[in-house]
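A short write-up of the structure that comes next.
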Amino acid sequence: MAGRLLARGMIAGVLAACLAFLFARVFGEPQVDLSIAFETARDAAAGMAAEPEIVSRKMQASFGLFTAAALYGAAYGGIFAIVFALAYGRVGRVSPRALALLLAGAGFLTFVLIPDLKYPPNPPAVGQEGTIGLRTVTYFEMIVLSLCVMALSILVGRRLIQRFGQWNGMLCGVGLFVALTALVQSGLPNINEVPADFPAIVLWRFREAAIGMQVVLWGALGLIFGPLATAVLTPGGTGRHRVG
Amino acid sequence: MSYGFSSPVPASAAMPDAIPLRALLPWAVFGLILSMVLLYFVGAEQGATALLSGHAVHEFVHDGRHLLGFPCH
């Protein structure tokens, strides 16, 4: 059963990535193009030769973007399905569909929004080549710590709910989550490599598109996986006729 | 966090059967390793580290890497 859930999670992830790709293509790509234009103009003004184009822009913005999104969707779809398989039957009387949507929200918060608050997505032309090692390490550290904070808050939150009741216990759990997140984020190094003359609106629109793409991805992942999981968990159940 | 959502299901409904951890573990290990490999190639290969030489992987997933929020360049 776990294997079937894993496969369906990855399938749901790829399907969700198709929608996320469309969103990114419409809202993200124009900002990427503007950023590359900025980069090209800056390099030309500095007398630097244009970077050789190994993969054409057209390819990057279509098959490249789609491949990246699909692999990313498959990966997080798999992780999502494992967490779902672990949580189902252990967190309360929740239907598979509701649990899937709930976990998708938690996944978005943990893997995307909290890390992005500290290290937001950056368009081309933002970010210095020499710091890529530091930036990659701190970014993945932030994701791991975000996961730890979420797991700890849920485990402690469940105890708090038993002790102080549903509402008060949940508030304490959320408070703990916020406090730990602030603590972790203040402990990690600040990175700001936005060029002084980079257009603020392009940066803002790019980040909107990047986070919007993730909202689409995780939202669709939760909504698509729910009926798929229902069909696995309750043969003949309510989700089955929705699968096709 | 997760508990507000349990109320729409009638309290009398039985707790669904959990998947035994022993059955889950091998799939969890397999799925996590697979996912990590995929994320590595989308997010970090030919960036901070490189298993393959050149820039083809980086350049191909370039836009996705930026828009998915990974550090790039």
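As they're listed, the protein sequences go chains A and B. Using the working numbering, the letters of the first sequence correspond one by one to residues 1 to 244. Using the working numbering, the letters of the second sequence correspond one by one to residues 1001 to 1073. Ideal Cβ placement from N, Cα and C applies to all residues, glycine included.
- For B:Ser1035, the closest Cβ of chain A is nearer than 8 angstroms.
- B:Glu1045 is bridged by DSSP to B:Thr1049.
- Cβ contact annotation for A:Tyr139 (same chain, cutoff 8 angstroms, sequence separation greater than five): Pro115, Tyr119, in chain order.
- Contact annotation: the segment 167 to 186 of chain A does not touch the segment 129 to 136 of chain A, with fewer than three C-beta pairs closer than 8 angstroms.
- Against chain A, a Cβ distance below 7 angstroms from B:Arg1065 picks out Ala68.
- Of all residues in the segment 115 to 146 of chain A, only Pro115, Asp116, Tyr119, Pro120, Pro121, Asn122, Pro123, Pro124, Ala125, Val126, Gly127, Gln128, Glu129, Thr131, Ile132, Gly133, Leu134, Arg135, Thr136, Val137, Thr138, Tyr139, Phe140 come within less than 9 angstroms of chain B when Cβ atoms are compared, listed by chain position.
- Given a length threshold of 4 residues, each whole run of the alpha helix (DSSP H) inside the segment 124 to 174 of chain A is given here in chain order: 132 to 164.
- Rounded to the nearest whole angstrom, the CA to CA distance from A:Val126 to A:Gly78 is 31 angstroms.
- A:Gly165 and A:Ile191 have their C-alpha atoms spaced approximately 41 angstroms apart.
- DSSP, reduced to helix, strand and coil, places A:Arg93 outside both helices and strands of the structure shown, so it counts as coil.
- The C-beta of A:Arg207 has 16 or more other C-beta atoms within 10 Å across all chains shown, which makes the residue buried.
- With a cut-off of 8 angstroms on Cβ pairs, the segment 79 to 90 of chain A is not in contact with the segment 28 to 35 of chain A, counting fewer than three such pairs.
- Here A:Ser62 carries a helix assignment [DSSP, helix/strand/coil].
- Residues of the segment 1021 to 1052 of chain B whose Cβ lies closer than 7 angstroms to any Cβ of chain A, in chain order: Ala1023, Leu1024, Trp1027, Ala1028, Gly1031, Leu1032, Leu1034, Ser1035, Leu1038, Leu1039, Phe1041, Val1042, Ala1044, Gly1047, Ala1048.
- Per DSSP, A:Glu208 is one residue of the alpha helix (DSSP H) stretching across 200 to 233.
- For A:Ala229, none of the residues of chain B pass the 7 angstroms Cβ criterion, the least Cβ distance being about 11 angstroms.
- Here the C-alpha atom of A:Phe38 lies approximately 13 angstroms from the C-alpha atom of A:Ile201.
- Residue-level contact by beta carbon fails for A:Leu22 and chain B, as no gap is shorter than 8 angstroms.
- Counting other Cβ atoms within 10 Å of its Cβ, A:Gln128 stays below 16 and is therefore classed as exposed.
- Taking the Cα of A:Met142 as reference, the smallest distance to any Cα among A:Ala209, A:Val55, A:Ala24, A:Pro189 is reached at A:Pro189.
- Excluding residues up to 5 positions away in sequence, Gln1046 lie with their Cβ nearer than 7 angstroms to the Cβ of B:His1055 in the same chain.
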